[in-house]
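The sequence shown begins at 6 in our numbering and counts up by one. Virtual Cβ for every residue (Gly too), placed ideally from N, Cα, C. All figures in this text were calculated on a predicted structure; none of them were measured in a lab.
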Amino acid sequence: MQALMLRVAAVMDRVAAAALWLAGAGLVLMTAFVAAQVVWRYVLNSSLMWSEPGAVILMGWFIFLGAAVGIREGYHLSFDVLLMVLPQPARLVLHSVSDAVVVAFGGGMVWYGWQLAEGAAGTKLPSLGISGAFDFLPLVIGGVLMVLFSLERLARRAAGLPTARFGEQPEEGV
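Put into C-alpha cells, the structure is as follows:
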C-alpha cells in the first residue's frame, strides 16, 4: 500500500507543482495587466477595457490554485491547541477529520461553482468577449484539486505515511 501511495504522491507532486506554477504565472500576468492599465490611463490618456476583468479572473485562478496547493502541503487554517495535549493516535484521527471536512468543502466548491458557471454560461463578458462561466471555473478547478489533495492526505495517513502539517518538515523521500 505504501509503494502505491508513494507513486500517487509523485503524481500529485507534479499536479501541485503545475498548479503552483500556473498560480505564480497568473499573479505575474495580473500584475502586468494592472501596470499596463495604469500606463494606458495616466500616461497615454486612454484605457484598456479588458485589463480589470482580466486581472480579476486571473486573481481567482491564482487564489484557488494556490489554496489547493496549500491544502496539500498542510498550510490550511487549523486550531491546534487541543492537538498539543492529545496522544499521537488521537491527533491522527483529528487530522483525518479535518481532511474529510476539506473534502466536503472542496466538493461544495465544485458543486456550487459548477452551478454558477452553468448559470453564467449564456452571458458574455463584454470587455473580454468570453463566456461568463470563465468567472467561476477557478472555483470549480480549485475545488477539484482540494478534493484530490485532501483524499491523498487521507490515503497517505491510512497507508502509514506522514502528511505535512503547517510548521512541520516532511521526511525525505515521502
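Exercise. Indicate whether the contact test is met: 3 or more Cβ pairs, each with one atom in the segment 86-100 and one in the segment 145-153, closer than 8 Å.
Key: no
Quiz item: If you count every other CB in all the chains shown that lies within 10 Å of the CB of E157, and 16 or more means buried, which is it?
Solution: buried
Quiz item: Quick one: is V33 buried, meaning 16 or more other Cβ sit within 10 Å of its Cβ, or exposed?
Solution: exposed
Practice problem: Please classify S52: does DSSP put it in a helix, a strand, or coil? | Solution: The DSSP-derived three-state label of S52 is coil.
Quiz item: What three-state label does DSSP hand S136 in the structure shown?
Solution: Three-state DSSP puts S136 in a strand.
Quiz item: Applying the criterion that 16 or more other CB atoms from any shown protein chain within 10 Å of the CB defines a buried residue, is L153 buried or exposed?
Solution: buried
Practice problem: Taking the CB atoms as reference points, tell me whether A73 and A24 lie closer together than 8 Å. | Solution: For A73 and A24, yes; Cβs fall inside 8 Å.
Self-check item: Rounded C-alpha distance that separates R161 from R170
Solution: 13 Å
Quiz item: Is the segment 34-50 in contact with the segment 116-124, if contact means three or more CB pairs nearer than 8 Å?
Solution: no
Exercise. Buried or exposed for P94, please, with buried defined as at least 16 other CB atoms from any protein chain shown within 10 angstroms of its CB.
Key: exposed
Self-check item: L9, enclosing alpha helix (DSSP H) - first and last residue
Solution: Q7 to V43
Exercise. Can you check the segment 54-79 for any alpha helix (DSSP H) of at least 4 residues that lies completely inside it and give the ranges in chain order?
Key: 56-77
Self-check item: For A21 and A15, the rounded distance between their alpha carbons
Solution: Going by the C-alpha atoms only, they are around 10 Å apart.
Quiz prompt | Inter-residue Cα distance where the pair is F67 and A125 | solution = When rounded, the distance between both Cα atoms is 21 Å.
Exercise. Count the other CB atoms, across all protein chains shown, that sit within 10 Å of the CB of D18; report buried if there are 16 or more and exposed otherwise.
Key: exposed
Exercise. Classify F69 as buried or exposed, calling it buried when 16 or more other Cβ atoms lie within 10 Å of its own Cβ.
Key: buried
Self-check item: Environment of A109 [buried if 16+ CB atoms lie within 10 Å]
Solution: exposed
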